[in-house]
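Undergrad: Provided herewith is a single structure, encoded as structure tokens, for subsequent inquiry.
Protein chains: 2
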Amino acid sequence: MVDAQAQVRPGGRSAKVRAAVHHAVAQLLAEEPAEALTIPAIAARAGVHPTTVYRRWGSAAQLLGDVATSRFSGDVVVPDTGTLTGDLERWLGDVATDLTDPDTLALIRATIGSGPDGGCACLGDRHEQLSAIIERERSRGGRAPEVEHAADFLLGPLYYRAIFSAQPASSDWARELVATFLAASEALAA
Amino acid sequence: MVDAQAQVRPGGRSAKVRAAVHHAVAQLLAEEPAEALTIPAIAARAGVHPTTVYRRWGSAAQLLGDVATSRFSGDVVVPDTGTLTGDLERWLGDVATDLTDPDTLALIRATIGSGPDGGCACLGDRHEQLSAIIERERSRGGRAPEVEHAADFLLGPLYYRAIFSAQPASSDWARELVATFLAASEALAA
DNA sequence: CCACTAACGCAACGATCAGTGCGATAATTT
DNA sequence: AAATTATCGCACTGATCGTTGCGTTAGTGG
Chain A
1 MVDAQAQVRP GGRSAKVRAA VHHAVAQLLA EEPAEALTIP AIAARAGVHP
51 TTVYRRWGSA AQLLGDVATS RFSGDVVVPD TGTLTGDLER WLGDVATDLT
101 DPDTLALIRA TIGSGPDGGC ACLGDRHEQL SAIIERERSR GGRAPEVEHA
151 ADFLLGPLYY RAIFSAQPAS SDWARELVAT FLAASEALAA
Chain B
1 MVDAQAQVRP GGRSAKVRAA VHHAVAQLLA EEPAEALTIP AIAARAGVHP
51 TTVYRRWGSA AQLLGDVATS RFSGDVVVPD TGTLTGDLER WLGDVATDLT
101 DPDTLALIRA TIGSGPDGGC ACLGDRHEQL SAIIERERSR GGRAPEVEHA
151 ADFLLGPLYY RAIFSAQPAS SDWARELVAT FLAASEALAA
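Heads up: the sequence lines are chains A and B, in that order.
Every letter in the first sequence is one number past the one before it in the UniProt record's numbering, and letter 59, counting from 1, is 59.
Every letter in the second sequence is one number past the one before it in the UniProt record's numbering, and letter 44, counting from 1, is 44.
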């Protein structure tokens with residue numbers, strides 16, 4: 001959304017300001033509670049004038065959405081281990097590891113609280129990544145579950161535990177999740 | 001937490017104020033974006049002086065947690081249809097129906113964004129309810145899945161879709177979820 | 001029925017925030 | 001290289017927020 005403006009003139013300065021502001025948001029969320037995430041505080045941390053932030057992003061909610069989408073897009077590489085199980089275990093394990101970081105969780109929480117579209121922004125391109133993994137398995141000739149089902153039973157429990165439950169969602173647990181899901185998927189298909 | 005004070009003197013007025021403030025929070029969240037949920041605004045809507053809210057709850061985050069816990073506790077009756085499938089379908093369907101309401105979603109989002117404990121507050125006594133359903137099935141002599149697994153694969157996808165994905169989590173879909181989960185659970189146990 | 005005290009309303013204060021012209025700077029174009 | 005224009009910094013304003021001290025109201029117990 002803001003990229004439309006940034007692409008008009010992406011010369012060094014705008015990009016620097018954008019990076020500094022993004023970094024300041026992540027940094028502040030890691031330290032202070034979410035309600036302390038005010039525009040003047042962000043601007044001060046980023047070494048930028050508050051007016052700049054007001055003009056470029058308008059509100060803290062839009063800024064948070066911008067930070068989340070760029071933070072959660074392209075952050076995890078889609079693996080290619082040769083098997084569906086290996087790909088899913090590797091990928092979901094990486095996603096789970098990312099969700100282990102308290103700072104990452106703070107960003108997700110704040111983004112969700114910023115508006116109705118905050119949750120989607122936190123997913124980034126997770127669904128595209130999952131779809132790519134499943135598509136690759138099909139191109140191998142293997143039988144793979146539906147993307148929607150995989151998202152529901154893999155990403156669902158993972159994000160549920162990370163956000164709602166107090167239980168930590170470790171990388172090992174994510175691998176168990178994949179095993180359980182694939183076994184159930186096989187059993188039901190037969 | 002605040003109940004400890006309220007129980008000291010729960011005579012009419014305190015309870016009235018508490019109810020009015022809770023109602024005002026839900027009402028404001030349904031209309032304005034979350035960042036407009038300021039103490040003076042809540043107090044004005046509740047017909048109460050801002051000082052009162054500051055003194056009783058301290059911050060908007062604690063107030064939101066209080067509202068969420070009392071909103072999501074005891075709001076769904078644990079059914080007793082005679083079968084595990086029936087109980088789960090009925091119960092998860094009710095939970096899903098509740099999550100269909102945009103105002104409810106707004107409350108959940110804001111509560112999550114208010115702090116690390118916000119997510120747990122939004123669950124209320126869901127896990128206790130689920131545990132009660134499963135315990136009852138076991139007391140009938142039936143074989144029921146683990147509570148943790150049920151929470152992961154039932155509540156997980158449901159809340160994931162409601163908060164992160166843009167897809168609506170309807171009551172019908174919740175019933176399908178129960179069927180899929182129980183079938184997979186049976187297949188893996190055999 | 002009366003004393004007691006918790007809870008609330010009121011008024012004021014300092015601090016901070018969101019927003020607005022205007023000039024300066026730097027990237028882009030001709 | 002010069003003109004152009006998007007972007008940023010600065011100074012200023014109005015509004016709102018969070019907080020505190022004090023008086024008043026209304027439940028609670030003797």
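Note that CB positions come from ideal geometry on N, CA and C, so glycine has one too.
1. Here's the rule: buried if 16 or more other CB atoms are within 10 angstroms of the residue's CB, otherwise exposed. What is Ala43(A)?
2. Would you mind stating whether Ala106(B) and Ser171(B) have Cβ atoms separated by less than 8 Å?
3. Where Ile134(B) and Pro145(B) are concerned, what is the direct C-alpha to C-alpha distance, given to the nearest angstrom?
4. Where do the N-terminal and C-terminal ends of the alpha helix (DSSP H) with Ala50(B) fall, by residue?
5. Between the Cα of Leu177(A) and the Cα atoms of Ser165(B), Ile108(B), Glu148(B), Leu158(B), which residue gives the shortest distance?
6. Going by beta carbon distance, what residues of the same chain come within less than 6 Å of Gly118(A), once the five residues before and after it are set aside?
7. Check whether the stretch 76 to 85 of chain A and the stretch 120 to 133 of chain A are in contact - that is, three or more C-beta pairs closer than 8 Å.
8. For Glu31(B), does the three-state DSSP call read helix, strand or coil?
9. Is Arg90(A) near Pro79(A), with beta carbons less than 8 Å apart?
10. Am I right that Asp75(A) and Asp103(A) are in contact with their C-beta atoms under 8 Å? What's the rounded C-beta distance?
11. If you draw a straight line from the C-alpha of Gly124(A) to the C-alpha of Gly141(B), how long is it?
12. May I ask which residues mark the beginning and end of the alpha helix (DSSP H) holding Arg126(A)?
13. State yes or no: is the beta carbon of Ala150(B) nearer than 8 Å to at least one beta carbon in chain A?
14. Between the C-alpha atoms of Ala60(B) and Gly65(A), what's the straight-line distance to the nearest angstrom?
15. Taking CB distances under 8 Å as the criterion, tell me whether Pro33(A) reaches chain B.
16. Under 8 Å between the Cβ atoms of Val25(B) and Val48(B)?
17. If we require 4 or more residues per run, which alpha helix (DSSP H) segments fall completely within the stretch 59 to 131 of chain B?
18. Quick check on Val2(B): does DSSP put it in helix, strand or coil?
19. Looking only at its own chain, which residues have a Cβ that is under 7 Å from the Cβ of Val2(B), when we skip the five neighbours before and after it?
20. Considering only C-alpha positions, which residue in the set Leu37(A), Pro157(A), Ala150(A), Thr51(A) is nearest to Ser185(A)?
21. Under 8 Å between C-beta atoms, does Phe164(B) make it to chain A?
22. What's the gap between the Cα of Ala4(B) and the Cα of Ile39(B)?
TA: For this structure:
1. buried
2. no
3. 8 Å
4. Rather than Ala, the amino acid found at residue 50(B) in this sequence is Pro. Taken as a continuous stretch (DSSP letters only), the alpha helix (DSSP H) holding Pro50(B) covers 50 to 57.
5. Glu148(B)
6. Thr111, Ile112
7. yes
8. helix
9. yes
10. The pair is not a contact, with the Cβ atoms about 13 Å apart (cut-off 8 Å).
11. 45 Å
12. 126 to 139
13. no
14. 22 Å
15. yes
16. no
17. 60 to 71, 84 to 100, 102 to 114, 118 to 123
18. Model confidence at Val2(B) stands at a pLDDT of 32, short of 50, so the residue's coordinates are unreliable; what they give is reported in the following sentence. Val2(B) falls in the coil class under three-state DSSP.
19. Low confidence applies here, because Val2(B) scores a pLDDT of 32, under 50, leaving its location unreliable; read the following figure in that light. Answer for Val2(B): Arg56, Trp57, Asp66, listed in chain order.
20. Ala150(A)
21. yes
22. For Ala4(B), the pLDDT reaches just 32, beneath the cut-off of 50, and the residue's location in the model is therefore unreliable, leaving the point undetermined.
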